[in-house]
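Asks: Residue numbers (UniProt numbering): 1 to 124.
The beta carbon of each residue, even a glycine, is placed where N, CA and C say it ideally should be.
Note that the coordinates shown come from a computational prediction; the quantities given were computed from them, not determined experimentally.
In structure tokens, the structure reads:
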């Protein structure tokens, strides 16, 4: 697989995740995507394990739309790191969130699984 193909494959996974967050199905999506010991480090400083992510997404308000910009990959041996700028909108024309997203993926039984995710906010 070329780097471009790998980038497109992981971006497709990320887009499915954002689509799930827009349709209030994020708990199910991330529940199946995350490894058992995965963590998410959120922009507000919270660190959630897999169960915490699932619980927090059950009642999370949906995003209206999103954009993924400037994606790149980092080869980390047995894992692949996807870094991109995420811009998400709830109500109105201005973004409700803008940040640098870092997702660490590992292959488990041939499927990509999310081992770690971190948001770094971009100040206004």
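Given this structure, state the Cα-to-Cα distance separating residue 114 from residue 30, to the nearest angstrom.
Replies: The sequence position of residue 114 within the chain shown is 114, counting from 1. The sequence position of residue 30 within the chain shown is 30, counting from 1. Each residue's alpha carbon lies about 8 Å from the other.
Asks: Since residue 43 and residue 121 should fall inside the 8 Å C-beta cutoff, what is the C-beta to C-beta distance between them, to a whole number of angstroms?
Replies: In the chain shown, counting from the first residue as 1, residue 43 sits at position 43. In the chain shown, counting from the first residue as 1, residue 121 sits at position 121. Residue 43 to residue 121, Cβ: 4 Å. Contact.
Asks: Closest to residue 70 by C-alpha separation, out of 58, 85, 64, would be which residue?
Replies: Position 70 of the chain shown holds residue 70. For the residues 58, 85, 64, the minimum Cα distance to residue 70 belongs to 85.
Asks: What residue range does the alpha helix (DSSP H) around residue 3 cover?
Replies: Position 3 of the chain shown, counting from 1, holds the residue named residue 3. First-last of the alpha helix (DSSP H) with residue 3: 3-22.
Asks: For the 8 Å Cβ check, are there 3 or more pairs between the segment 74-90 and the segment 44-60?
Replies: As far as the Cβ criterion goes, the segment 74-90 does not touch the segment 44-60, which means the pair count is below three.
Asks: Compute the distance between the beta-carbons of residue 108 and residue 2, then report whether it is under 8 Å.
Replies: In the chain shown, counting from the first residue as 1, residue 108 sits at position 108. In the chain shown, counting from the first residue as 1, residue 2 sits at position 2. Against a cut-off of 8 Å, the Cβ pair of residue 2 and residue 108 comes out as no contact.
Asks: Just the Cα atoms here: how many angstroms apart are residue 25 and residue 110?
Replies: Within the chain shown, residue 25 is the residue found at index 25, counting from 1. Within the chain shown, residue 110 is the residue found at index 110, counting from 1. Distance between the alpha carbons of residue 25 and residue 110 is about 24 Å.
Asks: Inspect the beta-carbon positions of residue 105 and residue 96 and report whether they are closer than 8 Å.
Replies: The residue labelled residue 105 in the question sits at position 105 within the chain shown. The residue labelled residue 96 in the question sits at position 96 within the chain shown. Not in contact: residue 105 and residue 96 (Cβ atoms no closer than 8 Å).
Asks: Between residue 63 and residue 22, what straight-line distance do the alpha-carbon atoms span, to the nearest angstrom?
Replies: Taking the first residue of the chain shown as position 1, residue 63 is located at position 63. Taking the first residue of the chain shown as position 1, residue 22 is located at position 22. Answer to the nearest angstrom: the Cα atoms are 4 Å apart.
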